[in-house]
Amino acid sequence: MDKQILEKLEVLQGDITQLDVDAIVNAANTSLLGGGGVDGAIHRAAGPELLKECRTLGGCPTGEARITKGYNLAARHVIHTVGPVYSGKPRDKTLLTGCYRNSLQLAADNNLASVAFPAISCGVYGYPVEEACQIAVDTTCGFLKDNPAITRVIFMLFSPADLKVYEDYIRTQTG
Ligand code: ADP
Numbered sequence: 000m001d002k003q004i005l006e007k008l009e010v011l012q013g014d015i016t017q018l019d020v021d022a023i024v025n026a027a028n029t030s031l032l033g034g035g036g037v038d039g040a041i042h043r044a045a046g047p048e049l050l051k052e053c054r055t056l057g058g059c060p061t062g063e064a065r066i067t068k069g070y071n072l073a074a075r076h077v078i079h080t081v082g083p084v085y086s087g088k089p090r091d092k093t094l095l096t097g098c099y100r101n102s103l104q105l106a107a108d109n110n111l112a113s114v115a116f117p118a119i120s121c122g123v124y125g126y127p128v129e130e131a132c133q134i135a136v137d138t139t140c141g142f143l144k145d146n147p148a149i150t151r152v153i154f155m156l157f158s159p160a161d162l163k164v165y166e167d168y169i170r171t172q173t174g
């Protein structure tokens, strides 16, 4: 993997709602009307105006993404994407790839330079983090090659175990 691209990636552990970036990505569900996990945390931190805007969007199909303002968050925007419920079929990968690509495309279309992702689908939706991490990193690096205006992508992991999976995978890419 290209060193200049890998230098734009950061892997951190903690709460994504605390990040001061142009956009944080929400692992939402198709209704976009809130849920548990990172979705609940983002809505709590952003305040009720976020749900109000989400209601105007009419949901979001799995693998796609929608953008809103960030309201009370330090982040200026929230990009809501819907990961697949893990089934073990090849389509999971296609859909999760779509989540990363479509989220980054929205960031690029809105002239955003910094984006933070949680481990989409790796909570209640059951995606094995080792597989999801490779999709996240590979898709992001591929996108950044063609979109130099995005200068910083943070992968914000909630658990030390997930953090290690990402650090180890990125290390194998630096050679
Ligand atoms: P999904 O339904 O897509 O699996 P979840 O919210 O259940 O979404 O989990 C996605 C990932 O987000 C999990 O790895 C979970 O540990 C993590 N997570 C939960 N809360 C936060 C948070 N505040 N910041 C960052 N990551 C979080």
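Numbering that gives the first Met the number 0 puts the first residue of the sequence shown at 0, with every later residue one more than the last. We put the CB at the ideal spot given by N, CA and C, even for glycine. Keep in mind that this is a model prediction, so the values were computed, not measured.
{"query": "Any non-hydrogen atom of the ligand NAP within 7 Å of residue 66 CB", "result": "For the ligand NAP, the structure offers nothing, since it holds only the ligand ADP."}
{"query": "Enclosing beta strand (DSSP E) for residue 134 [first to last residue]", "result": "No beta strand (DSSP E) contains residue 134, which is instead part of the alpha helix (DSSP H) from 128–145."}
{"query": "Residue of 151, 60, 114 minimising C-alpha distance to residue 24", "result": "114"}
{"query": "Rounded distance between the beta-carbons of residue 153 and residue 20, thought under 8 Å", "result": "7 Å"}
{"query": "Extent of the continuous alpha helix (DSSP H) to which residue 164 belongs", "result": "159–173"}
{"query": "8 Å Cβ cutoff met for residue 162 and residue 12", "result": "yes"}
{"query": "Close-in-space but distant-in-sequence residues of the same chain around residue 97 (CB under 6 Å, 5 per side omitted)", "result": "62"}
{"query": "Those residues which DSSP pairs with residue 67 across a bridge", "result": "77"}
{"query": "Residue(s) in a DSSP beta bridge with residue 155", "result": "11"}
{"query": "DSSP-derived helix/strand/coil call for residue 113", "result": "strand"}
{"query": "Bridge partner(s) assigned by DSSP for residue 25", "result": "79"}
{"query": "Distance CB(residue 65)-CB(residue 72) smaller than 8 Å", "result": "no"}
{"query": "Reference residue 67, options 88, 102, 157, closest by Cα", "result": "102"}
{"query": "Residue 83 classed as buried or exposed, judged by whether at least 16 other C-beta atoms fall within 10 angstroms", "result": "buried"}
{"query": "Any 3 or more C-beta pairs closer than 8 Å across the segment 27–37 and the segment 121–132", "result": "yes"}
{"query": "Check: residue 153 C-beta below 7 Å from any heavy atom of the ligand ADP", "result": "no"}
{"query": "Beta-carbon proximity of residue 134 to residue 105, cut-off 8 Å", "result": "no"}
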